[in-house]
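Read in order, the letters of the sequence shown are residues 1 to 1136 in full-length UniProt numbering.
Think of the CB as a built atom: it goes at the ideal place given N, C-alpha and C, for glycine as much as any other residue.
Scroll down for the structure; my scribbles are underneath it.
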Amino acid sequence: MREREELKQAKEQSELLLSRIHELEEENNQLNKEKNEVITKCQVEQENVQASEQRCTQLEKARRELERQLSGLSERLEEEEACSATLVLHRDRLEAECGSLRRDLDDLESALTTAERDKQLSDGEVKKLTEQLLQRDEAVQKLQREKEHLVELSQQAIEDLQMEEDKVNLLTKEKTKLQLQAEDLEFQLERLQRGEPEKARRKLDADSRSTKDSLGEVEKMRSGLEDLIKRKDLEISSASTKLEAEEALNMDLQRRSKELQARIEELEEELEAERAMRAKVEKQRADLTRELDELTDRLEEAGGVTASQMEANKKREAELQRLRRELDESSLQSEALAASLRKRHGEAVAELSEQCEALQRTRAKLEKDKQNLRMEVDDLAASVDSLQKAKMSSDGQVKKLEEQLSEANKRGDELQRTLSELSVAKNRLSADNVDVSRQVEEAESRASQLTRCKSLLQSQLEELKKQLDEEVKSKQAVGGSLSSARQECEVLREQLEEEQESKQEMQRLVSKLNGELTHWRTKHEADAIQHADELEETKKKLAARLQEAEEVVEATQAKCSSLEKTKQRLQGEVEELCMDLEKASSCGQALDKKQRVLEKQLGDWKQKCEELVAEVEGCQKESRQHAAELFKVKTAHEECLEQLEAVRRENKAFQVDCTEEIADLTDQLSDGGKSVHELQKSKKKIEMEKEELQASLEELEAALEAEETKVLRLQLELSQAKGDLERRLQEKEEEAEAARKSHQRALESLQASLDVEVKGRTEALKLRKKLEADINELEVQLDLLTKSNAELNKNSKKMQQQIKELQAQLEEEVRSHEEQREEQAALERRCALLVSEGEETRAALESADRARKVLETELQEANEKHSDLSGQFQSALTGRRKLEVDLQALQQEHEELQTEMRGCADKVKKAGCELARVGEELRLEQEHTLHLERVKKSLEGQLKDMSGRLDEAEQMALKGGKKIIQKLEGKVKELELELDSEQKRHAETVKTLRKNERRLKELLFQSEEDQKNQQRMQELVERLQNKMKAYKRQVEEAEEQANMNLAKYRKTVHELDDAEERADIAESALTKIRTKNRGSFGKGYSSGYSTPYPGLVRSPSSVGSEGRGEKILNDDESVSSLIPAYLNSLKKLMID
């Protein structure tokens, strides 16, 4: 009995071993998957290849030794089945140790991934900083070039001014000569032109007006040149401040780069240490996986392993050399156990002969499995060789890919440089747009003034039309020059229209970038909210899964209790379980095929990723082409500016010629004044008019002084504002020193220009003194001109009228001056708004660039995660679709930006046309701006102060941008921490997935058993259906026989009916005969006839009727007696 119990226990243990074999097969599949992952990682870790090859050789030797041992152990399997209980305990320990080792491996892998991500982030930061340094260096070089260009332009302007001064000196000399000649010609003119004084006077008036116009234009050009010089000085000062600020930023960036390099070195040291730890862990992991493979091979081949072998496997995890010693000890123990088992086996041979036969059958099957496993080992060796060859080829491919990566990085650097150049050009265009907008606003204000002057000019035009007839001859010569000038103006208008279109495009760009900013902000906030919601949902899902897993564990425990009860029943189904094992092996092969299909799909996805990379490169090429087109547009813009400068120079030359003509006309005027000797009487009237003019001039000067007081008040207010700003900016004095130095330089340059202006004023005073001397001489000569007083009274009246008109014009100029002040204040406000908008757009552009870089880094991380997260294939697909949608949106935004650029260019062209029109009107209006130079100077000082404030505001914006960068870096770190936590959760979900997979396999096994039971039930049903068919056939045969009998019965009934009819006919015939006989018989025997048998002899009628009734009764009784007999026979047939 004990032996039977031991055999039952051995069978139960064998069943446990078989279930364990299934579990180990599943673990073997998982280990194979991990092995594939290790093979992919081996491409990076080339140093561990030699050690792995040596270990492979050692393991092959160990495998051969184990095969030898297995050949001996296969004979002892029947005797060592009782020792499987110890193996169960060792198995549990091994599972616990494997779980701990897997946890350690997961922790190490998570630490390695975090370290690699930190390294990648630091590399990205270093790249960004280096790119920023390169961009700043390029910007410094460009600014230096611009500075040199501006210096050259200023030198050219100074040379032009010197040339003009030389020309002015020559003109003064020529004027003196012409005055002497005029004095000589006065007497001749008096003799010749006494009869024609009025014609000469008219001509002189016309010439004087034209000369005044030309002088006004010359002065306007001079003021324009001065404005250009001041603007260039301001640009030079701003460029110097920008250079100094950028030098400071470069120093800060260098410091940061040094700190980051030190941090990178530390991270590299940590990475090396972690790589060493990872190599050690992977070595241990490889040893464990190989030992587990050997254990699974032994379990599959031998159906169970002895306690000594399990102890040897434990010791192999520490050292492979101790395995042989422990195997010797286990062999001694197994021999001792075998001796005891042989004794027991000898006693229980008679009872267990049948069981031994079953075990021999299983042994034959195991030997077959052993041979199959040997074949698989040979296949694995061949696959290892093929993997080594593939590794060599993959190393070559890795080198090629590294070269391609280096080339791609170079291309990326080039693209970033082009982007920096584009940003610099964009900034320039934005500054040009601001200037153009200011000019447009000024032109609009002047246009409003010109509309007012237009009404006055129309009244003057009627008077001028009369004089046009006399000036036609002089204008024919000027017509050719005007036609050429108009052509040049049309060219300039076209250029201005193009610039307006470019301005419109830039404005669209700015608006588009603002839209992008808002979009990215909203998207970032939505993503943050979505991440929080998703994290909470994942927490809830994990809690639900944990509850489900606990319920599953309880269910499995209940199942285990039920299975222990059913084990005794399942002893007879061992053969069927062996068949199930074969089916499970076929399922494993099918799973391997599925795995290969998945690997092919992964390769396809990799190809798709490469195609995406190619598309990205194509987009980069397109961006380069766009940059080249933009550079061409810049060159065209510069050429237009050069053409404008050439046109201005030609205008200057034309004005110089006009000044020469003006000098000639002034000489003629002086000659005409000397020739008029009869103006002595009008002298007093002219002096009165002079006094009135002086009074009006004094009033104008008083008004100008009042305006200067207002300007001083404004300056005081500005100084107060500056004081407030300086109080606020005390913490930032170190950064403001560079700006102060630049301002000092600008002030020095302004002082130099003021010195030049002072010299010009002194020269003007000298000229004024000379003119006063000439006036005194003219007053002496006016005494001689009393004779012509009567003729000139009319002229004096006309002059009085003109003086009144001039006074009205002066009053209008004062009004226009006040309006210009108000408009100037509005312009300053608009300038401040435009500057703030420009700063916001710059900040938006910088944030957009940063967001783009962040997106690029996120794309890289997504590509890296794609290889690691092959299990999350569907989520990666959704992310890829989202990225494609984002790319399409970015491309659409890029196209919209291009359209906006084109629209800006159209607007710039239109603004150019308007500017050309306004320029023509400004030439007429600049006559009224001579008295406003002082106000302009004060406004220029205010503009300088505003430019200084702008520079300070730009510095503040840069500091604010740094703070924003720090905030974004903090956000990036927080996102990295969230990523680490999500990765840990992912590892936990992977574990739960593995548990669920095991449960699925168990369910599949149960489903297969259910299918077998269903097949059996189907066979039973088929048998029953066959029996039912046979019964149906018998019933149909019986029904056929019954139908035959019924047909016979119906025939007999029909024959009976026929017989009855015949009997009825016979009876009727008999009755007729009897009646005939009675008649004849009654006549003969009517007297005293008597029968001898009264009882028997009857009348024929009675006899016939009675006989018929008896016949019918007899027939009915015979039929009724036949029917139950027929029915009984039918029942017998049915029963049969």
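I'd like to know whether the C-beta atoms of GLU940 and LYS466 end up nearer to each other than 8 Å. no
Can you tell me whether GLU730 is helix, strand or coil according to DSSP? Correcting the residue type first, residue 730 is Gln in the shown sequence and not Glu. Coil.
Simplified DSSP assignment, three categories, for GLU47: coil
Find out if the Cβ-Cβ distance for the pair LEU108, MET277 is shorter than 8 Å. yes
Which partner residues of GLU501 appear in the DSSP bridge assignment? ASP906
Exposed or buried, what is THR709 when buried is set at 16 or more other beta-carbons lying within 10 Å of its beta-carbon? exposed
May I ask you to report which of helix, strand or coil DSSP gives GLU75? coil
Which value, in whole angstroms, describes the spacing of the CA atoms of ALA702 and SER238? 37 Å
How many angstroms separate the CA atom of ASN36 from the CA atom of ALA262? 37 Å
What distance in whole Å lies between the Cβ atoms of GLN1015 and residue 1172, which are believed to be in contact at a cut-off of 8 Å? Look at the range of the chain in this structure, 1 to 1136, and you will see that residue 1172 is not part of it.
Between which residues of its own chain and ASP106 is the CB-CB distance below 8 Å, once the five residues before and five after are set aside? ALA987
For ASP379, count neighbouring Cβ atoms within 10 angstroms of its own Cβ and tell me buried if that reaches 16, exposed if not. Exposed.
Could you give the distance in angstroms between the alpha-carbon of LEU429 and the alpha-carbon of LYS127? C-alpha of LEU429 to C-alpha of LYS127: approximately 28 Å in a straight line.
Tell me which same chain residues have a C-beta within less than 7 Å of the C-beta of ARG290, skipping the five on either side of it? LEU59
Rounded to whole angstroms, how far is the Cβ of ARG136 from the Cβ of LEU288, which I believe are closer than 8 Å? Going by Cβ atoms, the distance from ARG136 to LEU288 rounds to 54 Å, so no, they are not a contact pair.
Please check the pair LEU234 and LYS937, which I expect to be a contact at CB under 8 Å, by giving their CB distance rounded to whole angstroms. Not confirmed; about 14 Å, so no contact.
In terms of alpha-carbon separation, which member of MET251, ARG255, GLU47 lies closest to LYS280? The shortest C-alpha separation from LYS280 is found at GLU47.
Write down the C-beta distance between LEU134 and ARG417 rounded to the nearest angstrom, noting that I regard them as a contact closer than 8 Å. About 7 Å; that satisfies the 8 Å criterion.
Round the Cβ separation of ALA111 and GLN955 to the nearest angstrom and send it over; I've been treating them as touching at under 8 Å. Actually they are not in contact, since the Cβ atoms of ALA111 and GLN955 sit about 43 Å apart, beyond 8 Å.
Contact defined as beta carbons within less than 8 Å: I believe LYS242 pairs with LEU143. What is the distance between those atoms, to the nearest angstrom? 6 Å
Using the Cα positions of LEU16 and LEU405, report the straight-line distance between them to the nearest angstrom. Between the alpha carbons of LEU16 and LEU405 lies a distance of about 54 Å.
Does any heavy atom of the ligand ADP sit closer than 7 Å to the C-beta of LEU153? The ligand ADP is not part of the structure shown, which contains no ligands of any sort.
Please state whether the Cβ-Cβ distance between ASP369 and GLU266 is less than 8 Å. no
Beta-carbon proximity list for ASP1010, same chain, < 7 Å, skipping 5 on both sides: none
For ARG452 and GLN809, the rounded distance between their alpha carbons: 11 Å
Alpha carbons only, please: which of THR40, GLN141, GLU164, ARG298 is nearest the one belonging to GLU65? Relative to the Cα of GLU65, the nearest Cα in the group THR40, GLN141, GLU164, ARG298 belongs to ARG298.
Among the candidates GLN1041, ASN32, THR40, whose CA atom is the shortest distance from the CA of MET392? THR40
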